[in-house]
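First comes the structure, then the notes that go with it.
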Amino acid sequence: MTIPTPGQAHQSTARSRWKRWVTPSIVLASALLHGVLLGLPLPPERLEKTLEPEPEPVSPENLLSVAALPDLPTSEPPAPEPPSPESERTQSASPAAPSAQNPVAPSLDSSVTEPEAAGQDEPTDESLSDEPLSDEAESRDRGGPPSLEEQLGDISFYVPNGKATGSVTPDKYSRWISALSELSPGILLNSPRDVLELPYRLDECLSEAPDLANIGIALDPTGNPIGTPEMLTSTGYDVLDRKALEAVWSYPFPDREVATAYTIQVQVRYEAGRC
């Protein structure tokens, strides 16, 4: 065991005394500084937002003193510069985006006038009535040729055609049957006894009395026509022949199991005795 010398013992005693006095002093000074810092007042926070100054009220005198600006002369916009080759290549490489078009406001037409007041005199027209028009009135309104019904009521259309033969000629009948046989082989022939009558509407007498007409028509078992009706003999008037071809569809045909060709007689109810 090493025995300290008197000098070493003195140094150790002095170091111990220094530690006992310095350490409490440091702790006390630190506490005082901490208290001083806590006692200092904090600085006021800065305002993050500044208030904008309120606009000054404008008096009516200032509003009325505003002068109207003169109209500036309008000039056409400068012509666009031609695109450079580089910009053309760039535009062709990139797809063009659809451009939105501004809607065009409808223009007001100054020629539009206010409707006339009710109660003013208006032209009366029979065509403005709600009643349906007859065939004759419709034909007159169209301005076209007269209809068949109009012609039947006009004596000027009763002109003899010179085709009245009274009976069917064998040559014409055979040509009609031959044409039907090509459309429907094995077609039957039938000549009903019932006569189809047509009225004569006029009071005027004709130069020649209408003759008995014969019309040929062929039907299949379901009632559909085969070919077109044939005027085998004429009444002597074209206007009456057209009416006979139209009226033959109302004839009461008998039932049939196969295609049948009929010869229908058409008589015009004309009182030749009073003329």
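Numbered by our numbering, the letters in the sequence shown go through residues 313 to 587 in order. Note that beta-carbon positions come from the ideal geometry of N, C-alpha and C, so glycine has one too.
Can you tell which of the options has the C-alpha that lies nearest to the C-alpha of residue i?
i           : options               : result
residue 577 : 521, 332, 329 and 543 : 543
residue 539 : 499, 492 and 568      : 492
residue 523 : 563, 344, 536 and 479 : 479
residue 525 : 584, 535, 502 and 575 : 575
residue 488 : 530, 456, 515 and 471 : 530
residue 485 : 347, 346, 541 and 340 : 541
residue 579 : 553, 587, 565 and 566 : 553
residue 521 : 483, 338, 335 and 477 : 477
residue 566 : 351, 587 and 502      : 502
residue 517 : 351, 333 and 587      : 587
residue 583 : 558, 515 and 344      : 515
What first and last residue would you give for the alpha helix (DSSP H) that runs through residue i?
i           : result
residue 485 : 482-495
residue 584 : Looking at the DSSP string, residue 584 is not in any alpha helix (DSSP H), and its letter there is neither H nor E.
residue 571 : Counting along the chain, residue 571 falls outside any alpha helix (DSSP H), and DSSP gives it neither H nor E.
residue 556 : 550-559
residue 460 : 460-464
Since residue i contacts residue j with CB under 8 Å, what's their CB separation in whole angstroms?
i           : j           : result
residue 571 : residue 490 : Actually they do not touch by this definition, with Cβ atoms about 15 Å apart.
residue 546 : residue 473 : 6 Å
residue 274 : residue 475 : The chain is shown only over 313 to 587; residue 274 falls outside these bounds and no answer can be derived.
Anyone know if the C-beta pair for residue i and residue j falls short of 8 Å?
i           : j           : result
residue 511 : residue 581 : yes
residue 563 : residue 508 : yes
residue 533 : residue 568 : yes
residue 527 : residue 573 : no
residue 469 : residue 560 : no
residue 464 : residue 513 : yes
Tell me where the beta strand (DSSP E) around residue i begins and ends.
i           : result
residue 509 : 507-511
residue 542 : 542-545
residue 530 : 525-531
residue 518 : Run containing residue 518: none; DSSP gives neither H nor E here.
residue 502 : 500-502
For residue i, verify whether its CB is less than 7 Å away from any heavy atom of the ligand ADP.
i           : result
residue 460 : Annotation note on the ligand ADP: not contained in the displayed structure, which lists no ligands.
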